[in-house]
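If you use the numbering used here, the sequence shown closes out at 825, no skipped numbers anywhere.
To start, the structure itself, in C-alpha coordinates.
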Amino acid sequence: MKKFLIGILFLGTLGLKAQYGTLDAILTKLEERKGINQNLDNVKIDNKKFVFIKDEADHTERDFIIIKGNDATYVEVFDDKATGESSSNVFTGDIIRKKNIISLRADKLEDKKIPLPVTKTLMLTKQKDILYLIDVNTRDRWIDEESYSKKAK
(Lines of atoms letter the chains of each structure in order from A and count residues from 1; the text may use other names and numbers.)
(Lines give C-alpha, C1' and ligand atoms only; values in the text may rest on other atoms or scores of the structure.)
Protein backbone atom coordinates (compact mmCIF):
# COMPACT_ATOMS: atom_id res chain seq x y z
CA MET A 1 0.00 0.00 0.00
CA LYS A 2 2.86 2.37 0.81
CA LYS A 3 4.48 1.69 -2.58
CA PHE A 4 1.18 2.43 -4.31
CA LEU A 5 0.77 5.80 -2.52
CA ILE A 6 4.40 6.74 -3.18
CA GLY A 7 3.92 5.84 -6.87
CA ILE A 8 0.80 8.01 -7.16
CA LEU A 9 2.56 10.88 -5.38
CA PHE A 10 5.56 10.52 -7.72
CA LEU A 11 3.39 10.51 -10.86
CA GLY A 12 1.37 13.47 -9.57
CA THR A 13 4.59 15.44 -8.99
CA LEU A 14 5.76 14.69 -12.54
CA GLY A 15 2.41 15.86 -13.91
CA LEU A 16 2.58 19.14 -11.96
CA LYS A 17 6.14 19.75 -13.11
CA ALA A 18 5.11 19.22 -16.77
CA GLN A 19 2.17 21.62 -16.36
CA TYR A 20 4.40 24.21 -14.70
CA GLY A 21 6.91 23.91 -17.56
CA THR A 22 4.18 24.48 -20.14
CA LEU A 23 2.71 27.39 -18.19
CA ASP A 24 6.16 28.94 -17.78
CA ALA A 25 6.79 28.66 -21.54
CA ILE A 26 3.46 30.34 -22.31
CA LEU A 27 4.17 33.20 -19.87
CA THR A 28 7.67 33.70 -21.30
CA LYS A 29 6.24 33.90 -24.83
CA LEU A 30 3.63 36.48 -23.74
CA GLU A 31 6.28 38.57 -21.99
CA GLU A 32 8.45 38.51 -25.13
CA ARG A 33 5.49 39.72 -27.19
CA LYS A 34 4.89 42.60 -24.81
CA GLY A 35 8.61 43.41 -24.90
CA ILE A 36 9.27 42.65 -21.25
CA ASN A 37 11.45 39.56 -21.43
CA GLN A 38 13.72 40.20 -24.42
CA ASN A 39 17.47 39.75 -24.52
CA LEU A 40 18.65 42.88 -26.34
CA ASP A 41 22.14 43.10 -24.84
CA ASN A 42 23.73 42.90 -28.31
CA VAL A 43 21.58 45.76 -29.73
CA LYS A 44 23.66 48.92 -30.03
CA ILE A 45 21.92 52.19 -29.23
CA ASP A 46 24.97 54.38 -29.83
CA ASN A 47 24.24 57.12 -32.42
CA LYS A 48 20.49 56.41 -32.26
CA LYS A 49 17.70 58.95 -32.33
CA PHE A 50 14.31 58.13 -30.80
CA VAL A 51 11.16 60.15 -31.53
CA PHE A 52 7.93 60.65 -29.59
CA ILE A 53 5.03 62.71 -31.01
CA LYS A 54 2.03 63.77 -28.93
CA ASP A 55 -0.89 65.63 -30.47
CA GLU A 56 -2.91 67.75 -28.03
CA ALA A 57 -5.90 70.01 -28.72
CA ASP A 58 -3.91 73.25 -28.66
CA HIS A 59 -0.37 72.12 -29.51
CA THR A 60 1.74 69.32 -30.92
CA GLU A 61 4.70 68.08 -28.91
CA ARG A 62 7.65 66.40 -30.60
CA ASP A 63 10.32 64.96 -28.32
CA PHE A 64 13.66 63.50 -29.35
CA ILE A 65 16.28 61.50 -27.47
CA ILE A 66 19.66 61.40 -29.19
CA ILE A 67 22.18 58.98 -27.74
CA LYS A 68 25.92 59.22 -28.43
CA GLY A 69 27.93 56.88 -26.25
CA ASN A 70 27.05 57.66 -22.64
CA ASP A 71 25.92 61.19 -23.51
CA ALA A 72 22.34 62.05 -24.36
CA THR A 73 20.43 65.02 -25.72
CA TYR A 74 16.74 65.39 -24.95
CA VAL A 75 14.87 67.88 -27.15
CA GLU A 76 11.30 69.09 -26.65
CA VAL A 77 9.64 70.94 -29.53
CA PHE A 78 6.22 72.53 -29.03
CA ASP A 79 4.17 73.66 -32.04
CA ASP A 80 1.31 76.00 -31.10
CA LYS A 81 -1.68 75.25 -33.35
CA ALA A 82 -3.30 78.67 -32.87
CA THR A 83 -0.29 80.83 -33.74
CA GLY A 84 1.83 78.37 -35.72
CA GLU A 85 4.88 79.25 -33.60
CA SER A 86 7.38 76.70 -32.38
CA SER A 87 9.46 76.69 -29.24
CA SER A 88 12.03 74.21 -28.03
CA ASN A 89 14.05 73.14 -25.02
CA VAL A 90 17.37 71.33 -25.45
CA PHE A 91 18.53 69.32 -22.45
CA THR A 92 21.86 67.50 -22.26
CA GLY A 93 23.02 64.85 -19.86
CA ASP A 94 23.99 61.23 -19.68
CA ILE A 95 22.54 57.73 -19.77
CA ILE A 96 23.19 54.49 -17.95
CA ARG A 97 22.20 51.19 -19.55
CA LYS A 98 21.62 48.00 -17.58
CA LYS A 99 20.50 45.26 -19.99
CA ASN A 100 17.19 46.56 -21.45
CA ILE A 101 16.71 49.45 -18.99
CA ILE A 102 18.04 52.88 -19.89
CA SER A 103 18.16 55.71 -17.36
CA LEU A 104 18.36 59.22 -18.80
CA ARG A 105 19.42 62.16 -16.63
CA ALA A 106 19.52 65.53 -18.38
CA ASP A 107 20.92 68.10 -15.98
CA LYS A 108 21.68 70.97 -18.37
CA LEU A 109 19.22 73.17 -20.25
CA GLU A 110 20.93 74.88 -23.18
CA ASP A 111 24.33 74.27 -21.48
CA LYS A 112 23.25 75.80 -18.16
CA LYS A 113 23.01 73.59 -15.09
CA ILE A 114 19.43 73.19 -13.82
CA PRO A 115 18.53 72.44 -10.19
CA LEU A 116 16.07 69.63 -10.98
CA PRO A 117 17.26 67.37 -13.82
CA VAL A 118 14.88 65.80 -16.33
CA THR A 119 14.94 62.05 -15.70
CA LYS A 120 13.44 59.21 -17.66
CA THR A 121 13.54 55.47 -17.12
CA LEU A 122 13.08 53.69 -20.41
CA MET A 123 12.84 50.05 -21.41
CA LEU A 124 14.41 48.98 -24.71
CA THR A 125 12.20 46.65 -26.71
CA LYS A 126 12.00 45.35 -30.25
CA GLN A 127 8.83 44.36 -32.08
CA LYS A 128 8.71 43.39 -35.76
CA ASP A 129 12.29 44.64 -36.34
CA ILE A 130 11.42 48.09 -34.96
CA LEU A 131 13.33 49.36 -31.95
CA TYR A 132 11.36 51.17 -29.22
CA LEU A 133 12.00 52.83 -25.90
CA ILE A 134 9.02 52.55 -23.57
CA ASP A 135 8.82 55.03 -20.70
CA VAL A 136 8.38 52.89 -17.60
CA ASN A 137 6.30 55.55 -15.80
CA THR A 138 4.03 56.90 -18.54
CA ARG A 139 4.05 54.01 -21.07
CA ASP A 140 4.94 56.49 -23.85
CA ARG A 141 6.61 54.75 -26.81
CA TRP A 142 9.67 56.29 -28.42
CA ILE A 143 10.37 54.84 -31.86
CA ASP A 144 13.82 54.59 -33.40
CA GLU A 145 13.88 57.16 -36.20
CA GLU A 146 15.93 54.86 -38.44
CA SER A 147 13.34 52.06 -38.09
CA TYR A 148 10.53 54.52 -38.78
CA SER A 149 12.30 55.96 -41.85
CA LYS A 150 12.70 52.45 -43.32
CA LYS A 151 9.02 51.68 -42.68
CA ALA A 152 7.82 54.91 -44.34
CA LYS A 153 9.72 54.28 -47.59
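For glycine and all other residues, C-beta sits at the position ideal for the given N, C-alpha and C.
Which class does residue i belong to by DSSP, given the choice of helix, strand or coil?
i, result
"residue 782", "coil"
"residue 748", "strand"
"residue 757", "coil"
"residue 733", "strand"
Report the CB separation of residue i from residue j in whole angstroms; it is logged as a contact under 8 Å.
i, j, result
"residue 814", "residue 750", "In fact, because the Cβ distance is near 17 Å, the residues do not count as touching under 8 Å."
"residue 755", "residue 775", "Incorrect: roughly 36 Å between the Cβ atoms, too far for contact."
"residue 717", "residue 739", "5 Å"
Answer with buried or exposed for residue i, where buried requires no fewer than 16 other C-beta atoms within 10 angstroms of its C-beta.
i, result
"residue 816", "buried"
"residue 778", "buried"
Alpha carbon to alpha carbon, how far is residue i from residue j?
i, j, result
"residue 726", "residue 734", "6 Å"
"residue 796", "residue 757", "33 Å"
"residue 711", "residue 803", "13 Å"
"residue 799", "residue 737", "19 Å"
Going by DSSP, what residue range makes up the beta strand (DSSP E) through residue i?
i, result
"residue 813", "813–816"
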